[in-house]
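> Structure below; questions to follow.
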Amino acid sequence: MLRLLSIVGIIVILSLGIFLRVSHLDGKPIWADESVTLSVVSGYWPTDWIHRFSSGQVFTVKELLQYQYPNSDRGWGEVWKLIAEDTHPPLYPILARYWLLWFGNSVTVLRSLSVVFGLLLIPCIYWLSWELFRSPLLGLLAALLMAVSPIHIYYAQEARLYSLFTLLTLLSAIALLRAIRLKTRMAWLIYGLTLVLGLYSYLFFIFVAIGYLGYVFFLEGFCWTRTSVKSLIAFLASLIIFVPWIVVIVENYSDFKERSAWVGEQALSLTGAVRLWIQNISLAFFDPWIFPYFRLGKINPFVYILVLFVLIFVGYSLYFLCSKASKKQYGFILSLVLSTGLPLVLADLFLGGNRQTWPRYLLPVYLGIQLAVSYLLSVRITSVKTPGRVNKAWFMLGTILLVLSLFCSVIYVQADTWWNKYESGVLVQIARTIDQAEQPLVLVDLTDRPENAHPLIYHSLNPDVRVQFVAYPDSKALDFNRFDQVFVFANSNRAPISNWFNSKLSQQGYTLKQGLKFSGSGNFQGMSLYRVVPIRF
373 MLRLLSIVGI IVILSLGIFL RVSHLDGKPI WADESVTLSV VSGYWPTDWI HRFSSGQVFT
433 VKELLQYQYP NSDRGWGEVW KLIAEDTHPP LYPILARYWL LWFGNSVTVL RSLSVVFGLL
493 LIPCIYWLSW ELFRSPLLGL LAALLMAVSP IHIYYAQEAR LYSLFTLLTL LSAIALLRAI
553 RLKTRMAWLI YGLTLVLGLY SYLFFIFVAI GYLGYVFFLE GFCWTRTSVK SLIAFLASLI
613 IFVPWIVVIV ENYSDFKERS AWVGEQALSL TGAVRLWIQN ISLAFFDPWI FPYFRLGKIN
673 PFVYILVLFV LIFVGYSLYF LCSKASKKQY GFILSLVLST GLPLVLADLF LGGNRQTWPR
733 YLLPVYLGIQ LAVSYLLSVR ITSVKTPGRV NKAWFMLGTI LLVLSLFCSV IYVQADTWWN
793 KYESGVLVQI ARTIDQAEQP LVLVDLTDRP ENAHPLIYHS LNPDVRVQFV AYPDSKALDF
853 NRFDQVFVFA NSNRAPISNW FNSKLSQQGY TLKQGLKFSG SGNFQGMSLY RVVPIRF
């Protein structure tokens with residue numbers, strides 16, 4: 373009977389995980405970082421391909437977007453060049469390019485790679501729980517929480533490296549615990565391999581690797597034992613194998629510094645950091661931004677109640693873990709939580725910036741939190757030392773946490789946009805405005821403004837929408853006769869439309885009427901949509 377219940381539980385967990393990760397996969401517009409992924413895997417940097425379309429040429433969105441995917445024009449040489457210029461290691465873009473080559477070119481296909489990584493997290497956290505606690509119930513609870521966790525679903529539906537980073541964090545943890553248990557050369561070799569893959573997936577994996585090394589020395593009483601020496605050898609060997617990419621970073625340091633400068637631009641106050649940490653911790657089970665989605669406002673008493681509930685649950689779980697679990701168990705989970713969170717806090721403290729505020733940097737922290745909560749629930753629900761009503765109360769609390777996570781995740785997957793897509797809200801509005809026209813034309817002014825041609829908006833448009841790039845000194849008259857509405861899209865942080873373009877429109881009896889504008893920050897604070905309308909005298 374118990375085995376049958378376990379099988380049913382596994383089927384339910386996997387079904388939930390699959391449903392939440394594949395639902396509405398193409399429903400949200402891509403955001404800036406996802407467009408970087410597409411640019412890197414295609415071999416075309418955002419403005420490289422604008423020269424393919426001459427000034428004045430009218431073309432479709434479909435024709436434009438072919439340069440956002442792998443094609444015969446750009447081979448691995450161009451791709452490697454862009455990978456080197458990017459701030460991230462090469463493992464994910466290599467896998468992403470092959471994925472598109474094998475399964476076809478679309479945002480849905482590209483995001484499905486992250487879905488695969490996200491689904492693998494479910495059995496992997498069960499495996500890790502078994503290696504660490506030897507408890508099937510705890511493993512099922514951890515897998516269930518992983519299946520419905522909002523934060524992991526967010527990044528399982530994003531064409532970025534974060535699901536891969538999380539997966540390799542779990543796989544390397546499993547490999548480490550197996551190596552400690554089996555004490556064989558092959559087990560340590562596998563652990564070293566997972567470290568190499570982790571380093572080549574994400575630079576912040578170095579913190580995870582250091583945390584694992586510290587965990588082993590903690591277990592061994594900070595003595596030079598065979599286990600601690602082998603873990604150090606695996607760590608150093610992985611760093612040596614990672615040296616080629618360190619050389620690439622050094623050679624492209626100016627690009628690396630420029631692309632990562634934004635994390636140090638806005639310093640946090642102490643109260644701001646505490647507030648964001650509280651909000652971020654809750655994302656493992658509850659997303660406070662669900663209230664603005666229902667137009668209930670950002671400041672709502674229920675937000676504070678639910679966030680406080682999650683925070684107390686997490687805090688007590690960590691306390692209970694440290695007081696009741698073995699050194700091997702609580703030491704490992706604390707290494708996950710501290711190895712990533714602490715360096716980011718220290719970096720912001722001494723260097724300035726806001727690294728600690730971004731949930732995607734804290735994914736190992738979420739893993740540690742979920743394992744701690746799973747441990748608390750598994751012990752409290754099955755305890756024979758407490759009255760049955762207490763066990764039932766803990767079961768109800770766990771159910772509330774689970775339902776809360778499931779509710780947030782279901783709302784997220786069917787939403788058109790969410791906070792983790794940043795500028796996607798205005799993209800949805802712009803795309804809907806353009807697509808409502810029967811025969812729209814989108815003009816793009818490229819006069820000293822190549823950023824206006826950024827491909828971000830075009831992924832949200834109907835493939836048949838016509839686009840026309842215009843740039844000084846093109847003297848040809850603009851022909852609007854075939855179109856019922858003409859729009860001008862701009863994505864410049866400066867004056868979005870050049871004087872030359874305004875003059876060109878004026879000479880033909882037209883002017884611009886602003887429709888939508890994104891009041892944000894960073895690279896997309898100037899995103900605007902205008903309508904071309906006749907001048908009225």
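Read in order, the letters of the sequence shown are residues 373 to 909 in the numbering used here. Each residue gets a CB set at the ideal place from its N, CA and C atoms; glycine is no exception.
Identify which residue in N652, Q728, Q742, L655 has its Cα closest to the Cα of S641.
For S641, the nearest C-alpha among the options comes from Q728.
> Return the residue from the list F861, V904, Y830 that minimises the CA-CA distance to V433.
The candidate whose alpha carbon is nearest that of V433 is Y830.
> What does the Cβ neighbour count give for W471, buried or exposed, with the cut at 16 atoms within 10 Å?
Buried: at least 16 other Cβ atoms inside 10 Å.
> Taking the alpha carbon of P461 as the point to measure from, which residue in L716, L554, A656, Y534 has its own alpha carbon closest?
Taking only the C-alpha atoms, the option nearest P461 is Y534.
> Rounding to the nearest angstrom, what Cα-Cα distance links R732 and V675 in this structure?
Approximately 22 Å, taken between the alpha carbons.
> For D846, name the three-state secondary structure that DSSP assigns.
In this structure, D846 counts as coil in the three-state DSSP scheme.
> Is it right to say T538 is buried, meaning 16 or more other beta carbons lie within 10 angstroms of its own, or is it exposed?
T538 is buried by the Cβ-count criterion.
> What's the call for I605, buried or exposed, on a 16-neighbour Cβ count within 10 Å?
That one is exposed.
> Can you grab the Cα-Cα spacing for the pair F579 / G586, in whole Å?
The alpha-carbon atoms of F579 and G586 are separated by roughly 10 Å.
> With DSSP as the reference, label S900 as helix, strand or coil.
S900: strand per DSSP, three-state reduction.
> I need the boundaries of the beta strand (DSSP E) containing L828, first residue and last residue.
Careful: L828 lies outside any beta strand (DSSP E) and carries neither H nor E.
> Which of helix, strand or coil does DSSP assign to V858?
Here V858 sits in strand by DSSP.
> Expressed to the nearest angstrom, what Euclidean distance is found between the alpha-carbon atoms of S411 and W417?
Computed Cα separation, rounded: 5 Å.
> To which residues of the same chain is I383 closer than 6 Å at the C-beta, ignoring the five residues directly before and after it?
Nothing meets the Cβ criterion.
> Let me know if N871 comes out buried or exposed under the rule of 16 or more other beta-carbons within 10 Å of its beta-carbon.
The residue is exposed, with fewer than 16 neighbouring Cβ atoms inside 10 Å.
> Helix, strand or coil for N863, going by three-state DSSP, please let me know.
If DSSP states are grouped into helix, strand and coil, N863 belongs with the strands.
> From which residue to which residue does the beta strand (DSSP E) around V814 run?
That run of the beta strand (DSSP E) goes 812-817.
> Under a three-way DSSP split, which group does G725 fall into?
G725 falls in the coil class under three-state DSSP.
> With distances taken from CA atoms, which of F859, R393, A645 is nearest I523?
I523 has its Cα closest to that of R393, out of F859, R393, A645.
> Nearest CA to the CA of W791: which residue from L536, W730, V413?
Out of L536, W730, V413, W730 has the C-alpha closest to the C-alpha of W791.
> May I have the straight-line CA-CA distance separating L386 from I494, to the nearest angstrom?
The straight-line gap from Cα to Cα measures roughly 8 Å.
> Under 8 Å by Cβ, that's how I've got Q701 and A514 pegged, so tell me the actual separation to the nearest angstrom.
The Cβ separation is near 13 Å, so there is no contact.
> With DSSP run on the structure shown, which of helix, strand or coil describes L392?
The answer is helix: DSSP assigns L392 an H, G or I state.
> Leaving out five residues on either side along the sequence, give the residues of the same chain with a beta carbon under 7 Å from the beta carbon of L454.
The residues are S411, V412, G415, W417.
> In the DSSP assignment, find the unbroken alpha helix (DSSP H) run with T758 in it and report its ends.
First-last for T758: undefined, no H or E at that position.
> Tell me, which residues are paired with K885 by DSSP?
Note: K885 sits in a beta bridge opposite R903.
> Less than 8 Å separating the beta-carbons of S781 and I525?
Yes.
> Taking the straight line between their C-alpha atoms, what separation do you get for G894 and H826?
Because G894 carries a pLDDT of 49, less than 50, the predicted location of this residue cannot be relied on, and no value is offered for it.
> For T771, count neighbouring Cβ atoms within 10 angstroms of its own Cβ and tell me buried if that reaches 16, exposed if not.
Looking at its Cβ environment, which holds fewer than 16 other Cβ atoms inside 10 Å, T771 is exposed.
> Ends of the beta strand (DSSP E) at T556?
Per DSSP, T556 belongs to no beta strand (DSSP E) and is neither H nor E.
> Do the stretch 472-482 and the stretch 440-451 meet, that is, are 3 or more Cβ pairs less than 8 Å apart?
Yes: the two stretches touch, three or more of their Cβ pairs being nearer than 8 Å.
> Assuming I552 contacts T597 (C-beta within less than 8 Å), just tell me the rounded distance between them.
Incorrect: roughly 11 Å between the Cβ atoms, too far for contact.
> For T597, does the three-state DSSP call read helix, strand or coil?
Here T597 sits in coil by DSSP.
> What is the DSSP secondary structure of Q880, reduced to helix, strand or coil?
Correct three-state label for Q880: coil.
> Just reading off the alpha helix (DSSP H) that F590 is part of, what are its end residues?
577-591 is the span of the alpha helix (DSSP H), which, as asked, contains F590.
> Could you give the DSSP three-state label for T459: helix, strand or coil?
It is coil, neither helix nor strand.
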